[in-house]
């Protein structure tokens with residue numbers, strides 16, 4: 001057209017080109033077109049500005065869109081109703097309800113005020129600066145419209161178009177201003193503006209979404225009375241409203257009405273009904289809908305596909321899920337977000353092999369490169385399955401496929417490796433991540449710190465905490481939980497208290513977990529007052545002290561013989577139904593230590609009746625109580641119950657049994673030794689799993705019976721029989737025995753016993769490093 005000699009530049013032609021460029025987001029070409037338009041003295045009209053506001057707004061460039069209105073004002077052009085409606089829609093869709101309302105009301109009185117718009121926050125990430133273009137070059141380009149009026153008319157205006165009223169009703173409805181929405185609807189009726197299906201759909205949705213479903217149905221009747229036929233969107237609205245209200249039968253009724261009124265379901269209908277049916281696991285109904293969709297020549301969209309597949313997988317129909325996936329691929333392919341959603345769905349179910357099939361499977365020929373989100377969810381699938389090597393291999397191969405890891409990739413891998421105990425690899429990835437100027441999340445630092453704490457590498461955990469501060473990431477309560485609990489468990493009270501104070505100074509309130517850790521720290525230190533103060537503080541938190549904190553302070557009271565305080569805690573927990581096996585066992589221990597055997601037996605009986613004897617430790621506590629009180633029959637019954645429950649005895653169990661043997665004076669030393677031999681026989685034939693406490697118990701028992709020869713026999717026959725991990729435990733027990741019997745062994749030791757004791761202590765402390773020395777010493781000793 002421009003090549004024709006008689007062509008005269010036309011604003012309508014430029015409007016068409018500007019719209020096309022804006023929709024395609026060709027902002028640089030749009031700028032050049034605008035400059036050319038000015039050079040050719042073609043002046044923009046209301047249509048031009050309204051169109052520019054529309055394309056910029058739909059591209060998410062809301063503030064840039066409003067700059068066109070400011071430019072319009074400088075040109076002396078007042079927005080007509082269409083342009084005003086466009087601006088209000090752009091602001092409404094961006095959630096800027098107050099600005100949209102103000103713009104509309106200003107327009108009604110002939111005013112356009114945009115001076116308070118925050119232009120400085122406009123995004124400059126485009127290839128050229130949209131901000132620079134719109135704020136400088138834009139305002140210097142072109143001449144003034146000769147028909148410009150000096151001032152806008154300050155007269156009252158009211159909308160005349162149905163589209164404007166529809167926009168305003170939707171605006172106030174989304175803003176939750178129901179009264180204003182109703183007023184606009186009434187004004188629309190008075191103005192004589194035609195009501196259309198969109199008007200009623202909007203009002204119906206507003207009423208229904210605020211719980212007024214009966215009023216919404218009444219409005220539908222009004223629609224039909226005015227001769228306006230409901231469309232598919234009307235039925236979609238009712239379908240969604242009733243589904244959100246949990247009235248599935250009513251939702252299905254509205255779905256069936258679509259076909260009953262001669263209409264056809266659209267993509268929104270299909271997506272909504274599938275979501276509803278899959279959520280209720282209504283398998284057959286879903287398949288009926290799929291059949292109907294296909295009969296209409298439609299396909300399952302990629303938003304519904306993962307939902308249906310998840311339902312199939314929940315029902316154990318993995319093959320059917322795969323078949324549907326393959327069919328949807330053949331029907332036109334899937335986008336990268338759809339592939340990612342399906343991989344993520346398999347990942348959540350722990351089906352890493354199926355996720356892998358989707359990730360590495362055949363793709364549409366137009367989708368060759370995998371998006372970063374697909375890599376991230378596949379890495380997640382490997383992480384859930386604890387396939388760390390596969391996850392790392394996939395990560396290393398990303399770059400060769402043209403996809404670079406992002407912050408999510410690094411955060412996922414570091415958290416995954418930290419959770420799997422691979423802290424050194426996680427630390428290397430953290431350094432690599434920071435080298436690329438990515439900022440690790442708080443959860444990433446937290447996971448690494450927690451992993452170091454679990455491994456008792458507290459100094460490394462402190463180093464990571466320091467890195468966190470350097471990176472400008474504020475620690476949350478989970479970070480402090482790990483550090484405080486780690487130091488508390490390690491008995492390092494000062495360090496635990498340091499981080500407790502740091503946390504308080506940072507403005508983070510201590511939660512139940514942190515206060516529980518501090519109570520454990522005070523308990524380890526033996527500070528009753530400190531623990532009690534924190535316990536009282538926990539009472540002010542929602543839910544009060546947890547069972548771990550209560551048991552910790554109960555144990556502290558028991559250790560200090562504070563029976564009354566211990567009983568008060570116990571009674572409180574029992575009344576609230578929170579008392580567990582540890583609670584009962586601790587009070588038994590408190591009574592027993594104070595010689596209050598009758599009270600201890602009473603609690604033991606209650607513990608049995610409550611069904612809280614569930615593990616070896618609690619059985620041992622109760623049996624020890626009975627043994628101390630000489631109730632050997634009850635001990636035997638409990639031991640028999642343990643065996644029937646297939647709870648293997650541990651070292652604590654055998655210590656109780658040896659106590660029983662000592663108390664059974666009708667058996668004497670010979671009888672006691674015979675009992676120990678039987679227990680050792682079960683150990684020798686591997687009917688009982690070897691462990692340090694059990695060897696300790698047997699060696700101690702033989703020593704107490706004066707049968708050092710049998711203790712020596714246990715040592716000689718088992719020192720090389722057990723594997724390395726277990727032999728270390730045995731050696732510890734043996735060295736303890738040697739140290740306790742130095743005088744008896746002095747005749748075979750060629751150096752003074754004091755030196756021998758010092759040397760054995762050294763060997764014991766370096767046991768894992770010097771097993772051969774231990775063997776040599778033991779060989780010379782016997």
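Residue numbers (the UniProt record's numbering): 1 to 782. For each residue, glycine too, the CB sits at the ideal point set by N, CA and C.
When the alpha-carbon of residue 450 is set against those of 470, 473, 469 and 417, the nearest one is in 417. DSSP assignment within the region 76 to 101 yields the following whole alpha helix (DSSP H) runs of 4 residues or more, N-terminal first: 81 to 93.
Counting of Cβ neighbours within 10 angstroms places residue 249 among the exposed residues, the total staying below 16. In the three-state scheme derived from DSSP, where H, G and I count as helix and E and B as strand, residue 331 is classed as coil. At the C-beta level, residue 549 and residue 557 stay beyond 9 Å of one another. Excluding sequence positions up to five before and after residue 555, its CB lies within less than 6 Å of the CB of 586, all in the same chain and listed in chain order. In the three-state reduction of the DSSP assignment, residue 483 falls in the helix class, which pools H, G and I. About 15 Å separates the Cβ atoms of residue 616 and residue 588, ruling out a contact at the 8 Å cut-off.
Membership of residue 289 in the alpha helix (DSSP H) is indicated by the continuous run 283 to 295. Sequence-distant Cβ neighbours of residue 242 in its own chain, meaning closer than 6 Å and more than five residues away, are 250 and 251. In this structure residue 493 is in contact with residue 524, their Cβ atoms being roughly 7 Å apart against a cut-off of 8 Å. Under the 10 Å beta carbon count, residue 71 is surrounded by 16 or more other beta carbons and is classified as buried.
Taking the Cα positions, residue 86 is about 23 Å away from residue 37. Here residue 535 is buried: its Cβ has 16 or more other Cβ atoms, across all protein chains shown, within 10 Å.
When the beta-carbon positions are compared, residue 204 and residue 223 come within less than 9 Å of each other. If you ignore the 5 residues before and after residue 96, its C-beta comes within less than 8 Å of the C-beta of 62, all in its own chain and listed in chain order. The alpha-carbon separation between residue 580 and residue 612 amounts to approximately 7 Å.
Inter-residue distance for residue 437 and residue 512 is about 36 Å (C-alpha atoms, whole angstroms). For residue 254, same chain residues with a beta-carbon under 7 Å away, outside a window of 5 residues either side, are 235, 238, 239 and 242 in chain order. The C-beta of residue 421 has fewer than 16 other C-beta atoms within 10 Å across all chains shown, which makes the residue exposed. If you draw a straight line from the Cα of residue 697 to the Cα of residue 591, it is about 25 Å long. The continuous alpha helix (DSSP H) containing residue 552 extends over residues 547 to 559.
The straight-line gap separating the alpha-carbon atoms of residue 424 and residue 431 is approximately 11 Å. Using a Cβ distance threshold of 9 Å, residue 33 and residue 52 do not count as a contacting pair. With contacts defined by Cβ atoms closer than 9 Å, residue 174 and residue 73 do not form a contacting pair. With contacts defined by Cβ atoms closer than 9 Å, residue 515 and residue 537 form a contacting pair. Between the alpha carbons of residue 327 and residue 110 lies a distance of about 58 Å. Beyond the five residues adjoining it in sequence on each side, residue 349 comes within less than 6 Å, by CB distance, of 313 in the same chain, given in chain order. A straight-line Cα-Cα distance of about 13 Å links residue 84 and residue 48. Straight-line spacing of the CA atoms in residue 495 and residue 601 works out to 41 Å. Take the alpha-carbon of residue 167 and the one of residue 272: they are about 24 Å apart.
Short of 7 Å from the beta carbon of residue 355, and not among the five residues preceding or following it, lie these beta carbons of its own chain, in chain order: 343, 346, 347, 378 and 381. Assigned with DSSP and collapsed to three states, residue 227 falls in coil, not helix or strand. Residue environment: residue 481 is assigned as buried (16 or more neighbouring CB atoms within 10 Å of its CB, all protein chains considered).
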